[in-house]
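Participant: Protein chains in written order, with the numbering used here: chain R, 29 to 249; chain B, 29 to 249. Just so you know, even glycine gets a beta-carbon here, dropped at the ideal spot from N, CA and C. Take a look at this one; I'll ask things after.
There are 2 protein chains.
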Amino acid sequence: MIDLSFAEENYLKAIYHLSSAGQNQVNTNAIAERLETKPASVSDMIRKLSEKGVISYVKYQGVNITEDGKKKALWVIRKHRLWEVFLVEKLNFHWDEVHDIAEQLEHIRSSLLISRLDEFLGYPKFDPHGDPIPDAEGIISSKPRMILSGLNVKSKVKLVSLKDTGNAFLNYLDRIGMKIGSRIRILDIIEFDGSVEIEIDNRKRLTISKRVADNLLVVAD
Amino acid sequence: MIDLSFAEENYLKAIYHLSSAGQNQVNTNAIAERLETKPASVSDMIRKLSEKGVISYVKYQGVNITEDGKKKALWVIRKHRLWEVFLVEKLNFHWDEVHDIAEQLEHIRSSLLISRLDEFLGYPKFDPHGDPIPDAEGIISSKPRMILSGLNVKSKVKLVSLKDTGNAFLNYLDRIGMKIGSRIRILDIIEFDGSVEIEIDNRKRLTISKRVADNLLVVAD
DNA sequence: GGCGATTTTTAGATTCGCCTAAATTGTCTT
DNA sequence: AAGACAATTTAGGCGAATCTAAAAATCGCC
Ligand SMILES: [Mn+2]
Ligand SMILES: [Mn+2]
Ligand SMILES: [Mn+2]
Ligand SMILES: [Mn+2]
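Spelled out as C-alpha cells, the structure:
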C-alpha cells in the first residue's frame with residue numbers, strides 16, 4: 029500500500045484520461061505523446077504499474093486501468109481540480125493560469141489537507157474549466173456533457189467545460205464574453221460550414237465557427 | 029540558473045538553519061543528523077551544491093553557505109512559513125499539525141503563487157510557531173528574540189516563538205492558555221531551580237519550570 | 001609530537017526515471 | 001501469404017539520490 033511516486037501518479041492519470049476519453053485499450057504511443065516522453069520509457073513504467081496492480085496489460089496489446097488504478101487516478105484528479113478552484117476563487121488567478129501550478133499541487137500527500145480544502149472552498153462540484161470534481165470516494169456525480177456542435181436548433185444549454193484549454197481559445201471566449209456557466213441558446217446552424225448562431229445569457233447574439241462549437245462542452249439547462 | 033531539486037532545497041535549508049543557529053562552519057555529520065541521512069550521502073550532495081555555487085567548502089573543513097545560497101534557502105523558508113500560516117489561519121489546522129504538509133508545499137515552484145498567497149493571508153510577518161517570514165527579497169525584519177529564562181524580574185514581553193515544537197510541549201502550552209502573541213510579565217524568578225512566576229495576558233498567574241522558560245522565545249513588549 | 005578516536009570522503013552498488021538504438025511483434029496492403 | 005511499415009519492447013546506458021564498507025584526514029589527549 030505504499031504511495032505511488034510523482035511520476036507514477038502522472039502516468040496513471042494520463043492512462044485514466046486516455047481510457048475514459050476513448051476506447052478502454054490505451055496505447056503506449058498515446059501515453060508517450062500525452063506525457064511528452066518516449067515510448068520506451070512508457071513500456072518500462074507500464075511494467076511497474078502493472079506489478080503494482082493499478083493497470084493490467086498484455087505485451088503489445090495495450091493497457092487497461094484496474095479498479096484500484098481508477099480510484100488512485102481519481103484521487104489525484106480530485107486534488108488537482110480542488111487546487112484549481114482554490115487558485116481561481118481565493119487567489120484570483122485566471123482560469124488559464126492555474127493548470128501548471130495544480131500539476132504540482134496535485135501530488136501533495138495529505139487527505140486531511142484535501143478534506144479541509146474542500147470544506148474551505150464550499151464543496152465545489154466543478155473546477156474552473158467546468159470539469160467535475162470527484163468526491164472523497166472518487167465518485168463523479170454530474171449531468172452528462174454534450175458537445176455544442178452536436179446539438180439541434182433551439183437547444184438551451186449551459187457551458188460547463190472546454191475540450192481545448194489553450195490560451196488562444198480561452199482568450200477568444202473572454203473576448204466574446206462566454207464563460208463557464210454561461211447559458212447558450214442555439215438560434216441556427218449554418219449548413220454550409222457548420223457554424224452556429226447562438227445567444228449568450230439572453231443578451232448577446234453572435235456566430236461561432238464549428239471549430240469553436242466542437243470545443244464547448246455543455247449540459248442541458 | 030536552473031532550479032534546485034527538492035533534495036537540494038532540503039539540504040540547503042538544513043545548512044542555512046544550522047549555520048544561522050550556531051557557528052558559520054557546518055559539519056557533515058550535523059547535516060546528516062538533521063536530514064536523517066548518512067554522512068556519505070551528505071558528502072556527495074555537498075560537492076554538487078558547491079559546484080552550483082550555493083555553498084563553499086574545503087574538504088574535511090565543513091561548509092559555508094554563500095550569499096546566493098542564503099537567498100535560495102530563505103525563499104524556501106518563506107514559502108514554508110506562508111503555507112503554514114495558510115494551513116492554520118484558513119484551513120483550521122492546529123499549529124502542531126502543519127509542519128509535514130508545509131515540508132511538501134515549500135517545494136512548489138511559482139513565485140506568482142506565493143505573492144498571491146502572501147496577499148491573501150494579509151502579509152503575515154510570523155508563522156504559527158512565531159518564526160519570522162522573510163519578504164520576497166529574503167529580508168527578515170523582526171525584533172531580536174530572547175529566551176524567557178534569560179530575562180529579569182518585571183520584564184514585559186510577548187511570546188513570538190518556541191524552541192521546542194514537539195507535541196508534549198505544545199499541549200502543555202495549550203493547557204496553561206499560553207499561545208503565540210501572549211503577553212508575559214515576569215513576576216519573580218525562583219533562585220533555587222530557576223523556575224519563573226509569570227502573569228499571562230494580565231489575567232492568569234502561574235509558575236513555569238526553567239525547562240519551559242528555556243523554550244519560550246519572546247520580544248520586548 | 002604522536003596515536004587512537006572521530007569525522008569525512010571515496011569506492012562501489014542500488015533504485016528510479018529517463019534516453020537512444022536495436023530487436024521484436026503486430027497490422028495492413030497487395 | 002508475404003512484405004512493408006508501424007507499434008512496442010528490450011538492451012544498454014546515464015544522472016540523481018541514496019546506501020554500506022573501507023580508506024583517509026583531522027582532532028584531541030597524553
Ligand atoms: Mn488542470
Ligand atoms: Mn481543470
Ligand atoms: Mn515548519
Ligand atoms: Mn514554522
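Looking at C-beta atoms only, is the number of pairs between the stretch 154-168 of chain B and the stretch 176-183 of chain B that lie closer than 8 angstroms three or more?
Facilitator: Flag = no, the stretch 154-168 of chain B and the stretch 176-183 of chain B do not touch.
Participant: Please list, in chain order, all residues of the same chain as R/I204 whose beta carbon is under 7 angstroms from its beta carbon, the five residues on each side excluded.
Facilitator: Contacts found: L234.
Participant: Between which two residues does the alpha helix (DSSP H) holding R/N92 run?
Facilitator: Per DSSP, R/N92 belongs to no alpha helix (DSSP H); it is in the beta strand (DSSP E), 91-93.
Participant: Does R/R231 come out as helix, strand or coil in the three-state DSSP assignment?
Facilitator: The answer is coil: DSSP assigns R/R231 none of H, G, I, E or B.
Participant: Between the alpha carbons of B/K207 and B/D124, how many angstroms are there, rounded?
Facilitator: C-alpha separation (whole angstroms): 12 angstroms.
Participant: Looking only at its chain, what residues have a beta carbon closer than 7 angstroms to the beta carbon of B/D229, apart from the 5 residues adjacent to it on each side?
Facilitator: Taken in chain order, the residues that qualify are S210, R211.
Participant: Taking the continuous beta strand (DSSP E) assigned at R/R211, which residues delimit it?
Facilitator: R/R211 -> beta strand (DSSP E) spans 211-217.
Participant: Compare the beta carbon distance of R/V113 and R/K186 with 8 angstroms and say whether it is the shorter of the two.
Facilitator: No, Cβ-Cβ distance for R/V113 and R/K186 is not below 8 angstroms.
Participant: Residues of chain R with a CB under 9 angstroms from the CB of B/N243: which are they?
Facilitator: Simply none; closest approach about 27 angstroms.
Participant: Quick check on R/D31: buried or exposed, where buried means 16 or more other Cβ atoms within 10 Å of its Cβ?
Facilitator: Exposed is the call here.
Participant: Within the same chain, show all residues whose beta-carbon is closer than 6 angstroms to that of B/S237, passing over the 5 residues directly before and after it, in chain order.
Facilitator: Cβ neighbours of B/S237 beyond the five flanking positions: S223.
Participant: Taking Cβ positions, are R/L110 and B/F148 nearer each other than 8 angstroms?
Facilitator: Not a contact, by the Cβ cut-off of 8 angstroms.
Participant: Which of the residues in the stretch 145-163 of chain B, read from start to end, lie with their CB under 7 angstroms from any CB of chain R?
Facilitator: Under the 7 angstroms Cβ criterion, the stretch 145-163 of chain B contributes L145, F148.
Participant: Tell me, please, whether the stretch 126-137 of chain B touches the stretch 89-97 of chain B by the rule of three or more beta-carbon pairs shorter than 8 angstroms.
Facilitator: Because the criterion of three Cβ pairs below 8 angstroms is not met, the stretch 126-137 of chain B and the stretch 89-97 of chain B do not touch.
Participant: Output the distance between the C-alpha atoms of R/V188 and R/S48, rounded to the nearest integer angstrom.
Facilitator: Whole-angstrom Cα-Cα distance: 18 angstroms.
Participant: Does the distance between the C-beta of R/A49 and the nearest non-hydrogen atom of ligand 1 fall short of 7 angstroms?
Facilitator: No, the beta carbon of R/A49 sits no closer than 7 angstroms to any heavy atom of ligand 1.
Participant: Under 6 angstroms, CB to any heavy atom of ligand 4. Which residues pass, going along the chain?
Facilitator: The set, ordered by position in the chain, is B/R109, B/E112, B/D155, B/H157, B/D159.
Participant: So with CB distances below 7 angstroms, who are the chain R contacts of B/K118?
Facilitator: By Cβ distance, chain R contributes F148.
Participant: Do you know offhand how far B/G166's Cα is from B/F121's?
Facilitator: In a straight line, the C-alpha of B/G166 is about 26 angstroms away from that of B/F121.
Participant: Starting from the C-beta of B/I217, find all residues in its chain whose C-beta is less than 7 angstroms away, skip the five residues before and the five after it, and write them out in chain order.
Facilitator: Within the same chain, B/I217 has close Cβ partners V181, V224.
Participant: Please list, in chain order, all residues of the same chain as B/S71 whose beta carbon is under 7 angstroms from its beta carbon, the five residues on each side excluded.
Facilitator: Closer than 7 angstroms at the Cβ level, and outside the excluded window around B/S71, lie T56.
Participant: Spatial neighbours of B/L46 within its chain, please: C-beta separation below 6 angstroms, excluding the five flanking residues on both sides.
Facilitator: V54, A58, listed in sequence order.
Participant: I'd like to confirm the pairing. Which residues does DSSP put opposite R/F154 in its beta bridges?
Facilitator: According to DSSP, which records beta bridges pairwise, R/F154 is partnered with R/P160.
Participant: Opposite R/K184 in the DSSP bridges: which residues?
Facilitator: For R/K184, which the question treats as bridged, DSSP gives the partners R/R213.
Participant: So with CB distances below 9 angstroms, who are the chain R contacts of B/I136?
Facilitator: Per Cβ cutoff of 9 angstroms: I129, Q132, L133, I136.
Participant: In chain B, which residues lie with their C-beta within 9 angstroms of the C-beta of R/L234?
Facilitator: Within chain B, no residue comes near R/L234; the closest Cβ sits about 33 angstroms away, beyond 9 angstroms.
Participant: R/S69 and R/S78: beta carbons closer than 8 angstroms?
Facilitator: Cβ distance not < 8 angstroms, so R/S69 and R/S78 don't count as in contact.
Participant: With H, G and I counted as helix, E and B as strand and the rest as coil, what does DSSP make of B/I136?
Facilitator: Coil, per DSSP.
Participant: Using a Cβ-based criterion (distance less than 7 angstroms to any ligand heavy atom), does B/A130 qualify as near ligand 3?
Facilitator: Yes; taking the cut-off as 7 angstroms, the Cβ of B/A130 has a heavy atom of ligand 3 nearer than that.
Participant: Using a Cβ-Cβ distance under 8 angstroms, would R/L141 count as near chain B?
Facilitator: So, interface residue.
Participant: Tell me the residue span of the beta strand (DSSP E) that contains B/Y85.
Facilitator: First-last of the beta strand (DSSP E) with B/Y85: 83-85.
Participant: When you measure from the CB of R/H45 to every non-hydrogen atom of ligand 1, does any distance come out below 7 angstroms?
Facilitator: False, no ligand heavy atom lies under 7 angstroms from that Cβ.
Participant: On the DSSP bridge list, what partners appear for B/A248?
Facilitator: Answer by DSSP bridge pairing, in chain order: B/V185.
Participant: Comparing the CB of B/H251 with every heavy atom of ligand 3, is any distance shorter than 7 angstroms?
Facilitator: Since the first and last residues shown for chain B are 29 and 249, residue 251 of chain B lies out of range.
Participant: Kindly indicate the opening and closing residues of the alpha helix (DSSP H) around B/A241.
Facilitator: Taken as a continuous stretch (DSSP letters only), the alpha helix (DSSP H) holding B/A241 covers 238-241.
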